[in-house]
Amino acid sequence: MSLAEEAPLEALEEQQFEVFPADLCQPLLLSEIFGNDRPLEIDLGSGSGKFLVEAGRRYPERNFLGVERLLGRVRKTRRKACQLSLTNVRVLRVEIDYAVKYLLPADSVSRFHLSFPDPWPKRRHHSRRLVDVEFLEAVVIALESTGELWIKTDHADYFRWIEKIAAGACSTLQEVPWENEYPDTDFDETFAAENAPIYRLRLRKVSRSPR
Ligand SMILES: C[S@@+](CC[C@H](N)C(=O)[O-])C[C@H]1O[C@@H](n2cnc3c(N)ncnc32)[C@H](O)[C@@H]1O
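Below, the structure is given as structure tokens:
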């Protein structure tokens, strides 16, 4: 039985909002995915897509790609994007690190958003933290000149860790003031309800890609 016979029409429509790369060893063909070359923003760990979909609705002149590994969250995201017919929103189910290092073309991303990455609080798990020197190097390569990385976390220790790594990359990424121009994420709302502090860092690329 073919996929078209098995899947309800609704699910097929929703699939159009997910990116299924033909070749995971080649960079994504972004202009084919979105049908245009508008500025691209990437939400790394996009969860159930609240931020991604609302940002896509708010800024139709930009493209938004979510990267999320959990199937249920990817499905929720594409359902929301489909319901609003957001042609500028897509979601990709893959590991963040792999997407940034291998799937995003150099100089292709206008802004990365990294909101509440898993903090891995135990010392013996620190090596699992997403943000490290290699990750920031890959981000710099994928960013357009003057592109930006916006990071938020509720975890003070992880924030200090990120600041330290960012300081080591200051020849390529420089801090600029945060601005409240984006919608809240699910975790923003959770921590706001608890009155928990949220730490923010906005970094702008200041040099050409090393590639
Ligand atoms: C703490 S939640 C934050 C979700 C959303 N950014 C927010 O602020 O509400 C982290 C999300 O990132 C996803 N995630 C964590 N590590 C990931 C990885 N290495 N690759 C892809 N997704 C990841 C998780 O599945 C989860 O949905």
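The numbering used here applies: residue 55 is where the sequence shown begins, and numbers increase by one. The beta-carbon is built from N, C-alpha and C at its ideal position, and this holds for glycine as well.
Start and end residues, beta strand (DSSP E) containing Leu146: Here residue 146 is taken as the residue at index 92 of the sequence shown, counted from 1. Leu146 -> beta strand (DSSP E) spans Val143 to Leu146.
Status (buried if at least 16 other CB within 10 Å, exposed otherwise) for Asp97: One-based indexing of the sequence shown puts residue 97 at position 43. Classification of Asp97: buried, given that the 10 Å Cβ count is 16 or more.
Val145 beta carbon less than 7 Å from that of Gly120: Taking the first residue of the sequence shown as position 1, residue 120 is located at position 66. Taking the first residue of the sequence shown as position 1, residue 145 is located at position 91. Yes, the pair counts as a contact, with Cβ atoms nearer than the cut-off.
Inter-stretch contact at 8 Å, needing at least 3 Cβ pairs: the region 186-204 / the region 213-223: yes
Reduced DSSP category for Tyr212 - H, G, I as helix; E, B as strand; rest coil: Sequence index remark: in the sequence shown, residue 212 carries index 158 (1-based). Of the three classes helix, strand and coil, the one that applies to Tyr212 here is helix, per DSSP.
Three-state secondary structure (DSSP) of Lys206: Numbered from 1 along the sequence shown, position 152 holds the residue referred to as residue 206. The answer is strand: DSSP assigns Lys206 an E or B state.
Contact set for Glu149: own chain, Cβ-Cβ below 7 Å, skip 5 residues either direction: Taking the first residue of the sequence shown as 1, we reach residue 149 at position 95. Around Glu149: Arg123.
7 Å Cβ shell around Ile87 - same chain, five flanking residues per side excluded: The sequence position of residue 87 within the sequence shown is 33, counting from 1. Cβ neighbours of Ile87 beyond the five flanking positions: Val73 and Arg144.
Cβ shell of Trp204 (< 6 Å), same chain only, five flanking positions each side left out: Here residue 204 corresponds to residue number 150 of the sequence shown, with the count starting at 1. Same-chain partners within the cutoff: His167 and Arg256.
is_contact[Arg127, chain C] using C-beta, thresh 7 Å: No chain C is part of this structure, which consists of one protein chain only.
Ligand 1 heavy atom lying under 6 Å from the CB of Leu124: Residue mapping note: residue 124 aligns to position 70 of the sequence shown, counting from 1. Because some heavy atom of ligand 1 lies under 6 Å away, the Cβ of Leu124 counts as near it: yes.
Other residues of its chain near Ser225: CB distance less than 7 Å, five sequence neighbours each side excluded: For the purposes of this step, residue 225 is taken as residue 171 along the sequence shown, with counting starting at 1. The answer, listed in chain order, is Ser261.
Proximity to Gln70 [Cα-Cα], best of Ser100, Leu140 and Tyr113: Residue 70 sits at position 16 when you count from the first residue of the sequence shown. Measuring from the Cα of Gln70, the nearest candidate turns out to be Leu140.
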